[in-house]
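Chains as they are written, first to last, in this note's numbering: chain P, 13 to 218; chain V, 9 to 263; chain B, 12 to 73; chain A, 3 to 224. Using N, Cα and C, we set each Cβ at its ideal position, and we do this for glycine too. Predicted model, so just to flag it, every value in this text is computed and none were measured. Input: a single structure, listed below in structure tokens.
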Amino acid sequence: MSLHLQARGLGCERDDRWLFKGLDLDIHSGEVVRIEGPNGCGKTTLLKILSGQLSDYQGALFWNGTVMSKARDHFLANLLYLGHAPGIKLGLSPLENLAWYQALSGEKDDEEQRLNALESIGLAGFEEVPTGQLSAGQQRRVALARLTLTPRALWVLDEPFTAIDRNGIADLERQLVAHAKAGGCVLVTTHHDLPASPLLRQVALG
Amino acid sequence: MWAFIHKLGSPRWFYGMSAKMQPWFWAAAVLLLVVGSLWGLAFAPADYQQGNSFRIIYVHVPAAFLAQSIFIAMAVSGLVFMVWKIKVADMAATVMAPFGAVMTFVALFSGAVWGVPTWGTWWMWDARLTSMLILLFLYIGVIALRSAFTRRDSGSRAASVLTMVGVINIPIIKYSVDWWYTLHQTASFTLTSRPTMPTQMWLPLVIMLLGFYCFFIAITLMRTRSEILRREASKRWVQELLTDPMLSTATKKAR
Amino acid sequence: MAFTSFSDFLAMGGHAPYVWSAWGVTALLLLASAWHARLEQRQLLRVLRRRARRSKGVRHDA
Amino acid sequence: MIAVKATLLRDLTLLLRRRGEILNPLVFFALVITLFPMAISPDPALLAIIAPGLLWVAALLAALLSLDSLFRSDYDDGSLEQLLLAPHSLAALSLAKVAVHWLLTGLPLALIAPLLGVMLSLPTGSYAVLALSLALGSASLSLIGAIGAALTVGLARGGVLLSLLVLPLTIPVLIFGVGAVQAAIVGSGVAAHLAILGALLAASLMLAPWAIAASLRISING
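Shown next as structure tokens:
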């Protein structure tokens, strides 16, 4: 299925200061789009708008050609958003955290899949350890395990490489490209330079 | 209808329109308040039971009415702001809140003072006074919540939600406080409930009520205009208004 | 007219402190509100005019 | 529905792992009740008169104390964003969170209230009504309080503001809750009070989830 997220004349004003204005953006299936720009230029805000969390912006959003407000349910059913904060409960084990996400995304309760997802992200052996006892990088990996766990077409990732070691970064880069090749699309902000790829597109902000 | 709503919602249009209407409301407010005060203070007959202390009714009741009406007006503005994203509605709600709190305070103060000759005490947990006190807390809550947000837009929307929740609660609070009061009734009669009032008594009350409402509309228009200027200061029409001396005096006088 | 003389009017049949304090506070707060609204508008206009002139001046220099 | 159930389970698990947070409101409740005889008088006759009101006010404050943390940790660790982006009704999901708050705060408070009632020489025959009215009333408190918690979750110092926003709105619940206990002492009209408490709960159940959802969307805006 071909997907298309479209932004027209997007602008965001925060207390009389324009973060960005008149932004046109097209994101299609099979693309990795990297938003870049200096600190405070509104990358996170843009991702929050594009993922449908913020409503006070100017301009219009379209999902597969339909206005976002009418296509919201379909959009959310195809979206996987990973924010600045990983959204991981420190009091729960990685397995329990993923179980909640599986239910939240409307997937079938399947422990086999959760174990596989944790293994593929390199957390085999830590499934039952309270997440609070894991390192920051491992906690981030629990969140990243959702990429394998829940099959969603559109990935919106805010600084996903934070606290991840070099091997993990290489794996994640490969995963992003593979996802785009398989027909998904990835929208990502990062200060880390992604390796050149025909699928990669850079959008400068600010 | 839609065109009208959006015209009304345009700060620029509202700024011009309110300039035209404002003087009339000020004039009406002054006229009604002066006539009502003279009539109520000097010409209305004294009450056979309460004597001249009953003249406090002419400030207590209008203030209490206004206090409740302003909260409802804020809730309606909040709804308009949330549903149609009309910013003028929120600006009006912003400036209404402090005046509403002042009116609630006036109602409380005049009620407390009235209590001395009537019940022999400064404070009685009378149903009306208790409801007013709770209303004052609601006003303070809305004002505090709005100012607690660093982003004005979030503050506006949070205050709108709280006002709407409050306005649904006000009748429930009023009903339960009335019920609670009848259960524990200690005073022989409430301040303002009386079987019949001669025309000479209630006519000044109506005039004072109208005067208070006109005053409220006038001051809301005036302060909303300031709020528009403050929030739209960077817009071009405001800049033109400010830098063109001819235009700014013209809008002040002619409109 | 409910009173026979002006001093009678001021005395309010012995309820003077209550009637006049309630009315006084009300009048005071209404006047203060109106005065505050007017002051707010004037100050705002003054500040905004000055700022507008300054930004215009800067544009001319540059 | 699966998502609502999973959220319910997740929050229950989280809170049950940190038992201190469940115990704190209960200890606070008992402590406040202990203060009153010392501040007023140990006279059983006097205490019996004011006991229903004291128990209700103390329980109200204890429930309020724990409200601030209702959405706080979800806001801090980013789970709230995920909750908002789930393809489910946010109102239903927040209702699950409120239900957990009631199960682990309101219900335990209602259950230990009769015990504290004994210490305040609450007249016999009103204990069951005390527990029942608190159970019903605290559910409304959780719902109304959650609106305030959702409105203040994005603010750095939301705690005191939360009390200021929520307490005036809880007055009807307080009046009829205390009324039910007093009616039980006098021996008449308990059913009417409990019915009104139930009606207040039904109304809050219908309206509060939408207000909570709207407030959460505002708070996530920062």
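| query | result |
| --- | --- |
| Can you list the residues of chain A that Leu-153/V reaches, using a CB-CB cut of under 7 Å? | Leu-153, Leu-163, Leu-167 |
| Which of the three DSSP states is assigned to Cys-197/P in this structure? | strand |
| Give the residues from the segment 161–182 of chain P that approach chain A closer than 8 Å (Cβ to any Cβ), ordered along the chain. | none |
| Using DSSP bridges, identify the partner residues of Ala-19/P. | Leu-37/P, Leu-73/P |
| How long is the line joining the alpha carbons of Phe-73/V and Ala-48/B, rounded to whole angstroms? | 22 Å |
| Helix, strand or coil: which one does DSSP assign to Ser-196/V? | Only weak support exists for where Ser-196/V lies, its pLDDT of 49 falling under 50; the value from the coordinates is given anyway. Coil. |
| Inspect the CB distances between the segment 133–140 of chain A and the segment 108–122 of chain A and report whether three or more fall short of 8 Å. | yes |
| For the segment 109–140 of chain A, list every residue whose C-beta sits within 7 Å of some C-beta in chain V, in sequence order. | none |
| According to DSSP, simplified to helix, strand and coil, what is Cys-53/P? | coil |
| Leaving aside the five residues before and after Ala-83/V along the sequence, list all residues of the same chain whose C-beta is less than 6 Å from its C-beta, in chain order. | Thr-171, Met-172, Val-175 |
| My output table needs one value for Ala-120/V: the three-state DSSP class, helix, strand or coil. | helix |
| Is there a Cβ of chain B sitting closer than 7 Å to that of Thr-259/V, yes or no? | The predicted position of Thr-259/V is uncertain, since its pLDDT is 49 and thus under 50; a value taken from the coordinates is nonetheless stated next. No, because no Cβ of chain B sits closer than 7 Å to the Cβ of Thr-259/V. |
| Using a Cβ-Cβ cut-off of 8 Å (strictly less than) and excluding sequence neighbours within five positions of Ile-114/A, which residues of its own chain qualify? | Leu-28, Phe-31, Ala-32 |
| Can you pull the DSSP bridge partners for Tyr-93/P? | Val-168/P |
| Which runs of the alpha helix (DSSP H) fall wholly inside the segment 51–131 of chain A and span at least 4 residues, in chain order? | 74–79, 81–87, 92–103, 109–121 |
| Taking just the CA atoms, how far does Leu-146/P sit from Glu-140/P? | 11 Å |
| Hey, quick one: how far does the alpha helix (DSSP H) through Val-43/V stretch, first residue to last? | 19–46 |
| Residues of the segment 62–76 of chain P with a CB closer than 9 Å to any CB of chain A: list them in chain order, please. | Ser-63, Gly-64, Gln-65, Leu-66, Ser-67, Asp-68 |
| Between which two residues does the beta strand (DSSP E) harbouring Val-45/P extend? | 43–48 |
| In terms of residues, what are the limits of the beta strand (DSSP E) holding Val-215/P? | 212–216 |
| Thinking just about the alpha-carbon of each residue, which of Ile-94/V, Ala-71/V, Leu-218/V is nearest to the one in Gly-119/V? | Ala-71/V |
| Enumerate in chain order the residues of its own chain whose CB-to-CB distance from Ala-192/P is below 7 Å, with the five nearest sequence positions on each side excluded. | Gly-42, Glu-43, Val-44, Val-198, Leu-211 |
| So with CB distances below 9 Å, who are the chain V contacts of Arg-64/B? | Leu-250, Thr-251 |
| How many angstroms separate the CA atom of Ala-268/V from the CA atom of Ala-101/V? | Absent from the model: residue 268/V. The displayed extent of chain V is 9 to 263, so no value can be given. |
| Only counting the same chain, and skipping five residues up and downstream in sequence, which positions put a Cβ closer than 6 Å to that of Leu-153/A? | Ser-217 |
| Which residues, in order along the segment 31–45 of chain B, keep a beta-carbon less than 9 Å from a beta-carbon of chain V? | Ser-32, Ala-33, Trp-34, Val-36, Thr-37, Ala-38, Leu-40, Leu-41, Ala-43, Ser-44, Ala-45 |
| For Ile-35/A, tell me which candidate among Leu-118/A, Val-131/A, Arg-20/A, Gly-179/A has the shortest Cα-Cα distance. | Leu-118/A |
| Beta-carbon within less than 6 Å of Ser-196/V's beta-carbon, same chain only, minus the 5 sequence neighbours each way: which residues are those? | Here the model assigns Ser-196/V a pLDDT of 49, short of 50, so the residue's position is not dependable and the matter cannot be decided. |
| Just verifying my parser: in three-state terms, what is the DSSP assignment at Trp-127/V? | helix |
| Could you work out which residues of chain B lie near Val-169/V, taking near to mean beta carbons separated by less than 7 Å? | Going along chain B, no residue has its Cβ under 7 Å from Val-169/V, so there is no contact; the nearest lies around 27 Å. |
| Determine, for Gln-184/A, whether the minimum Cβ-Cβ distance to residues of chain P falls below 7 Å. | no |
| For Ile-222/A and chain V, any beta-carbon pair shorter than 7 Å? | no |
| Please list, in chain order, all residues of the same chain as Leu-67/A whose beta carbon is under 8 Å from its beta carbon, the five residues on each side excluded. | Asn-26, Pro-27, Phe-30 |
| Counting contacts by CB-CB distance shorter than 7 Å, is Ala-129/P in contact with chain A? | no |
| Using a Cβ cut-off of 7 Å, which residues of the segment 226–248 of chain V contact any Cβ in chain P, in chain order? | Ser-242 |
| Rounded to whole angstroms, what's the CA-CA distance from His-90/A to Thr-37/B? Just pull it up for me. | 52 Å |
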